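Asker: When we follow this note's numbering, the leftmost residue of the sequence shown carries the number 2, and every step to the right adds one.
Glycine included, each C-beta is placed from N, C-alpha and C at the ideal position.
Note that this is a predicted model, so its numbers are computed, not measured.
One structure is given below, represented as structure tokens, and several questions about it will come after.
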Amino acid sequence: MAVKIHRFDDEQVGFFCPGCKCWHGVRVAGEGRKKWLWNGSMEAPTFTPNINIEGVCNSFVINGSITFLRDSSHSRSGQTVEIPDCDGQEGALICAKPVVHADSVGMRGRTRILVVDDERFLASTLATILERQGYETIIAHSGEEAVHAASSFQPDCLLSDIEMGSRNGIDAALEISGFLPNCKVLFVSGHVSRSDALGKAKEKGFDFEFMSKPVPPPELLQKISQVLQL
């Protein structure tokens with residue numbers, strides 16, 4: 002099957018597998034540029050056997066193995082390569098949270114929420130709270146990663162922080178809304194005012210929602226429910 006390789010930053014590349022409906026990737030770090038498994042939350046680094054194919058710089062997980070993708074320029078991304086078929090079973094692929102593709106929320110079951118925050122513990126906590134309420138989630142830790150994730154995950158709602166480095170949550174949300182116009186957007190931030198957060202979006206014709214951190218979980222869940230019904 003053919004997949005597109007995405008470069009998230011200097012240390013991370015990954016792809017969304019249409020076979021098991023999961024994100025896969027690696028973080029390249031440490032002495033000797035060891036390959037660390039990326040499971041969507043950057044937790045529990047895992048070493049696996051190595052195999053080689055041609056492709057782009059860095060590596061990712063294929064059928065339980067870290068696959069080196071070579072590129073002397075160390076700069077290309079968005080390249081399409083062929084990978085073996087997979088079934089998404091544990092031991093065959095090391096997966097992030099599963100995603101089920103379909104054309105509508107009704108057809109695909111659970112409502113999907115893309116959680117974006119550069120504070121990894123907070124992002125994982127929010128995702129856990131949402132999962133326990135029956136939502137299907139995936140996590141991103143930057144604006145760039147959020148855009149890549151949204152293109153395949155196709156969320157019904159984007160729950161995002163705003164200040165996240167070079168590409169903030171507002172810019173990412175505007176880009177995501179451009180190709181997913183029905184995706185609802187809820188910003189949760191402790192450093193940006195409501196007017197600053199929503200002003201730029203309104204100028205471009207988007208009506209996003211905003212909550213100030215810290216947000217008690219019951220209030221957050223109630224707000225998300227309201228946003229999804231708009």
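1) Straight-line CA distance for A173 to V117?
2) Does K205 come out as helix, strand or coil in the three-state DSSP assignment?
3) Candidates I163, S152, S196: which alpha carbon is nearest P182's?
4) Throw me the rounded Cβ distance for the L187 and E220 pair, which I believe falls under 8 angstroms.
5) CB-CB under 7 angstroms to L175, same chain, minus the five flanking residues each way: which ones, in chain order?
6) Measure from the alpha carbon of Q134 to the alpha carbon of each residue in G191, H149, M165, T112, then state which is nearest.
7) Beta-carbon within less than 8 angstroms of G144's beta-carbon, same chain only, minus the 5 sequence neighbours each way: which residues are those?
8) Give, in chain order, every unbroken run of the alpha helix (DSSP H) that is at least 4 residues long and sits entirely within the region 139-203.
9) What is the DSSP secondary structure of E220, counted as helix, strand or coil?
10) Taking the C-alpha atoms as reference points, what is the distance between L222 and H149?
11) Alpha carbon to alpha carbon, how far is S178 from C184?
12) Under the three-state reduction of DSSP, which class applies to R121: helix, strand or coil?
13) Strictly by DSSP, which residues pair up with E137?
14) With distances taken from CA atoms, which of Q155, I225, D157 is nearest L127?
15) Sorted by chain position, which residues of the same chain lie with C-beta nearer than 8 angstroms to E157's C-beta, five sequence neighbours on each side aside?
16) Taking the alpha-carbon positions, what's the E146 to F154 distance?
17) What number of angstroms, rounded off, separates the C-alpha of L123 from the C-alpha of Y136?
18) Ordered along the chain, which non-local residues of its own chain (more than five positions away) have a Cβ less than 6 angstroms from that of H192?
19) If you draw a straight line from the alpha carbon of D119 to that of I140, how long is it in whole angstroms?
20) For chain C, check one thing: does any of its Cβ atoms lie closer than 8 angstroms to the Cβ of Q155?
Answerer: So, from the listed chains and residues:
1) Cα to Cα, A173 sits roughly 10 angstroms from V117.
2) Here K205 sits in coil by DSSP.
3) Checked all of I163, S152, S196; the closest Cα to P182 is S152.
4) About 12 angstroms separates the beta carbons of L187 and E220, which is beyond the 8 angstroms limit, so they are not a contact pair.
5) Taken in chain order, the residues that qualify are A202, K205, F207.
6) For Q134, the nearest C-alpha among the options comes from T112.
7) Same-chain partners within the cutoff: V117, M165, G166, S167, R168, N169, G170, D172, A173.
8) Complete alpha helix (DSSP H) runs here, min 4: 144-154, 170-180.
9) It is helical.
10) So the two alpha carbons sit approximately 25 angstroms from each other.
11) Between the C-alpha atoms of S178 and C184 there is a straight-line separation of about 6 angstroms.
12) Three-state DSSP puts R121 in a helix.
13) Answer by DSSP bridge pairing, in chain order: R113.
14) For L127, the nearest C-alpha among the options comes from I225.
15) Before going on, a small fix: residue 157 reads as Asp here, not Glu. For D157, the CB contacts under 8 angstroms within the same chain, skipping 5 residues up- and downstream, are V106, T112, R113, I114, N183, C184, K185, L229 in chain order.
16) Distance between the alpha carbons of E146 and F154 is about 12 angstroms.
17) Whole-angstrom Cα-Cα distance: 17 angstroms.
18) Only E164 meet the Cβ criterion.
19) About 10 angstroms.
20) Among the chains of the structure shown, chain C does not appear; only one protein chain is present.
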